[in-house]
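Visitor: Here UniProt numbering is used: position 143 in the sequence shown is 143, and no number is missing along the way. By construction, the Cβ of each residue, glycine as well, lies at the ideal position given by its N, Cα and C atoms.
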Amino acid sequence: MTEQEFLALVRQNPINAAILDRLPQLEAFAPGVMLVAGSLFGTVWNAQAGNAPTDHIKDYDLFSWDADLSSEAEDAVIRQTAELFADLNAPIEIRNQARVHLWFNPKHGLNRPPLCSVREGIEHLTEKAQRFCPTCKAAKQSRASEFRRAGRTCKAAKQRMEQVAVLSRRTRNSENCSRPVSD
Numbered sequence: 001m002t003e004q005e006f007l008a009l010v011r012q013n014p015i016n017a018a019i020l021d022r023l024p025q026l027e028a029f030a031p032g033v034m035l036v037a038g039s040l041f042g043t044v045w046n047a048q049a050g051n052a053p054t055d056h057i058k059d060y061d062l063f064s065w066d067a068d069l070s071s072e073a074e075d076a077v078i079r080q081t082a083e084l085f086a087d088l089n090a091p092i093e094i095r096n097q098a099r100v101h102l103w104f105n106p107k108h109g110l111n112r113p114p115l116c117s118v119r120e121g122i123e124h125l126t127e128k129a130q131r132f133c134p135t136c137k138a139a140k141q142s143r144a145s146e147f148r149r150a151g152r153t154c155k156a157a158k159q160r161m162e163q164v165a166v167l168s169r170r171t172r173n174s175e176n177c178s179r180p181v182s183d
């Protein structure tokens with residue numbers, strides 16, 4: 001699947017399309033913002049399976065990166081994001097990737113270093129998707145032909161998530177990191 005084909009499929013979901021169209025407005029208060037995760041590859045899976053573009057998509061995740069690690073700053077961005085997308089009537093969640101280690105580590109009993117960019121947050125997601133792919137597990141309980149398609153989707157999930165950068169033209173924010181940021 002080419003980049004253009006991927007984007008065309010992602011935009012078949014009207015919520016994805018609206019979010020992507022408004023990213024420049026969001027950028028003003030959520031630096032480096034990107035639409036990521038299941039709303040992207042779920043929409044592609046829906047197209048491959050012949051489902052409606054929004055079927056089985058539980059939420060729409062946005063990643064940003066801001067050196068301000070205060071919960072007040074993130075709460076303000078969450079409120080502004082909710083206002084910007086209120087008309088979509090969809091669960092849209094935005095998280096500052098610079099703050100992830102503050103809540104993710106205690107919640108999951110891990111000791112991951114702070115993320116230095118939105119891209120690192122996406123890399124974390126793709127690692128997780130490769131270890132545990134709900135699309136594959138769900139399809140395994142369905143017909144064999146659907147599982148074969150799901151397997152192709154899972155193998156391609158990492159590539160598709162890496163193409164997310166194309167959707168919103170970012171990112172390398174490292175002013176708050178004490179370790180090198182890799183591209």
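What does the alpha-carbon distance come out to for the pair Gln-25 and His-56?
Guide: Here residue 25 refers to the residue found at position 25 when the sequence shown is read from its first residue. Here residue 56 refers to the residue found at position 56 when the sequence shown is read from its first residue. Rounded to whole angstroms, Gln-25 and His-56 show a C-alpha spacing of 27 Å.
Visitor: Just list the alpha helix (DSSP H) runs in the stretch 49–104, keeping only unbroken ones of 4 residues or longer that don't cross its boundaries, in chain order.
Guide: Restricted to the stretch 49–104, the alpha helix (DSSP H) segments that are unbroken, complete and at least 4 residues in length are 71–84, listed in chain order.
Visitor: Distance check for Ile-92 and Asn-46, CA to CA, integer angstroms please.
Guide: If you number the sequence shown from 1, residue 46 lands on position 46. If you number the sequence shown from 1, residue 92 lands on position 92. Going from the Cα of Asn-46 to the Cα of Ile-92 covers about 19 Å.
Visitor: Using alpha carbons as the reference points, say which of Ala-90, Ala-28, Arg-22, Glu-120 lies closest to Val-100.
Guide: Within the sequence shown, numbered from 1, the residue matching residue 100 stands at position 100. Nearest of Ala-90, Ala-28, Arg-22, Glu-120 to Val-100, Cα basis: Glu-120.
Visitor: Note down the Cα distance separating Leu-102 from Met-34, rounded to an integer number of angstroms.
Guide: Sequence index remark: in the sequence shown, residue 102 carries index 102 (1-based). Sequence index remark: in the sequence shown, residue 34 carries index 34 (1-based). Rounded to the nearest angstrom, the gap between the Cα atoms of Leu-102 and Met-34 is 20 Å.
Visitor: Is Leu-35 helix, strand or coil by DSSP?
Guide: Reading the sequence shown from its first residue, position 35 is the one you call residue 35. Strand at Leu-35.
Visitor: Go ahead and label Asn-89 buried or exposed: buried means 16 or more other beta carbons lie within 10 angstroms of its beta carbon, across all protein chains shown.
Guide: Sequence index remark: in the sequence shown, residue 89 carries index 89 (1-based). Flag for Asn-89 reads exposed.
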